[in-house]
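Note sheet for the following structure.
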Amino acid sequence: MSTRSKAWVFRRRIDIGGQFFTTGPCMDPDTVDACAERLGLSNGAPPVYLELSPPFSPAWIRRLEGVGALPVTDALRNRVAATPQADQRRFAWSVAKGVAQRARAAGFAGVVLMGLRFETATGEAYDAWQDDRIEPVAE
0 MSTRSKAWVF
10 RRRIDIGGQF
20 FTTGPCMDPD
30 TVDACAERLG
40 LSNGAPPVYL
50 ELSPPFSPAW
60 IRRLEGVGAL
70 PVTDALRNRV
80 AATPQADQRR
90 FAWSVAKGVA
100 QRARAAGFAG
110 VVLMGLRFET
120 ATGEAYDAWQ
130 DDRIEPVAE
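Numbering that gives the first Met the number 0 applies: residue 0 is where the sequence shown begins, and numbers increase by one.
Below you can see the structure in the form of structure tokens.
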């Protein structure tokens with residue numbers, strides 16, 4: 000069940016018997032901690048997985064924010080816009096790895112890749128996730 004990144008929704012869904020949850024999607028490592036704090040993640044609560052979508056381009060960011068994704072920071076928005084188009088996908092995967100790293104540190108049970116075509120999830124995403132040369136953005 001989705002928590003919609005709101006503590007009251009999370010608590011209500013626990014009360015009605017939810018056993019695991021998702022929230023997001025998130026595109027920016029710098030928004031992970033605030034999301035975890037809003038939900039009030041704690042030991043003993045059911046697991047919450049952070050939905051993650053790589054910020055592939057400025058247009059992709061606007062599109063996902065338009066349908067309810069966690070808004071990215073101006074710093075990330077500007078950095079994606081300044082990244083040459085030929086490098087944006089690789090950069091997006093490094094940001095996604097950074098989101099995953101921050102999610103684990105913030106208490107999320109894990110991440111779920113969202114908003115990707117099947118071919119992207121089973122091809123490009125797998126390859127990028129396994130490629131140690133694509134390092135997590137450490138902002």
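Yeah, the Cβ is synthetic: ideal placement off N, Cα and C, and Gly gets one too.
Inset, instruction - Quick one: grab the DSSP three-state call for Pro24. - result: Assigned with DSSP and collapsed to three states, Pro24 falls in strand.
Legend entry - Per DSSP, cross-strand counterpart(s) of Glu123: Answer is none; Glu123 lacks a bridge partner.
Legend entry - Length-filtered (4 minimum) alpha helix (DSSP H) runs lying within the segment 59–130: The segment 59–130 contains these whole alpha helix (DSSP H) runs: 73–81, 87–105, 124–129.
Inset, instruction - Could you say if the segment 122–137 and the segment 56–70 meet the contact criterion of at least three C-beta pairs nearer than 8 angstroms? - result: Contact between the segment 122–137 and the segment 56–70 is absent, with fewer than three C-beta pairs closer than 8 angstroms.
Legend entry - Gln129 versus Val136 - alpha carbon distance: So the two alpha carbons sit approximately 15 angstroms from each other.
Legend entry - Nonlocal neighbours in the same chain, by C-beta distance under 6 angstroms from Thr30, ignoring five residues either side: The beta carbon of Thr30 is closer than 6 angstroms to those of Leu69 in its chain, skipping five residues each way along the sequence.
Legend entry - Buried versus exposed, by CB contacts within 10 Å (16 or more), Trp7: It counts as exposed.
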